[in-house]
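> So the sequence shown is numbered by this note's numbering: it starts at 4 and just counts up by one.
Beta carbons are placed, not taken as given, at the ideal position from N, Cα and C, and that holds for glycine.
Structure in structure tokens, see below.
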Amino acid sequence: MTAVLRVVNRVFLGLVGLVLLVLGGSVLAVGLGAPAPSWWIHDSRHDVLLSNAERTRWQDEGWWWPVVIAVLAVLLLLTLWWLVAVLRRRRLAEILVDTGDGEGALLRGRALEDVLGQEAVRIDGVARAQGHFTGRRTAPEARVHLALEPHVDPGTALTDFTTGALTHAKTSAGLTSLPAEVRLRGVKHGAERVG
């Protein structure tokens, strides 16, 4: 997600949260017996949200329920689209490599991810490694998950990874820096039989 989209997303979420907080707080306050604000749509805590007349006003119209269902379906789809956009971390399809001649070359992101994972697995005590690149193609960031064997020291494995596989990936892509988020977890192993 770009910086502008992040800011728009946070401002939008903040405004929606503020509106919901004000509405929810006023409903709670009126429900507990506080005097209703001047802008409130009901007079006291004994008023209903929708009266029978308001609730059944459009019931006999043939267009009413299809419109209500269509509007709710569109709102649901927009909400799901927004949720997927927020939760999905986009992988880089390609990384721009500076070739020094002013042109540049494109390196497939998946290829560099595969090489980074294969080289990480060669480190002593790393059972599995998986990584992907996010960010911009001129300034990628690595997100790596390392599954460590029980006997390995996590600090040593992390140092070996950053000085080995991560440095090689940075050098091979011609990057000045390659920020990385590395997540370590232990691998469960079965009990060994003693004969």
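Can you tell me where the alpha helix (DSSP H) with residue 121 in it begins and where it stops?
As a working mapping, residue 121 is identified with position 118 in the sequence shown. Taken as a continuous stretch (DSSP letters only), the alpha helix (DSSP H) holding residue 121 covers 112-124.
> From which residue to which residue does the beta strand (DSSP E) around residue 98 run?
To locate residue 98, count along the sequence shown from 1; it is residue 95. It spans 97-100 - the beta strand (DSSP E) in which residue 98 sits, taken as one unbroken run.
> Taking residue 183 as the reference, give the member of 190, 100 and 172 with the closest Cα.
Locating residue 183 in the sequence shown gives position 180, counting from the first residue. Minimum Cα distance to residue 183 is reached at 172.
> Since I believe residue 155 is in contact with residue 128 (beta carbons under 8 Å), could you give me their beta-carbon distance rounded to a whole number of angstroms?
Residue numbering aside, residue 128 sits at position 125 when the sequence shown is read from its first letter. Residue numbering aside, residue 155 sits at position 152 when the sequence shown is read from its first letter. Yes, residue 128 and residue 155 are in contact; Cβ-Cβ is about 3 Å, under 8 Å.
> Short of 8 Å in beta carbon distance, which residues of its chain neighbour residue 190, apart from the five on each side in sequence? Order them along the chain.
Your numbering for residue 190 matches position 187 in the sequence shown. Taken in chain order, the residues that qualify are 130, 131, 150, 151, 152 and 153.
> Since residue 89 and residue 12 should fall inside the 8 Å C-beta cutoff, what is the C-beta to C-beta distance between them, to a whole number of angstroms?
Reading the sequence shown from its first residue, position 86 is the one you call residue 89. Reading the sequence shown from its first residue, position 9 is the one you call residue 12. Indeed, because the Cβ distance is near 7 Å, the residues count as touching under 8 Å.
> Kindly identify the DSSP beta-bridge partner or partners of residue 134.
Residue 134 sits at position 131 when you count from the first residue of the sequence shown. 147.
> Grouping DSSP H, G and I as helix and E and B as strand, with all else coil, what is residue 185?
The residue labelled residue 185 in the question sits at position 182 within the sequence shown. Three-state result, residue 185: strand.
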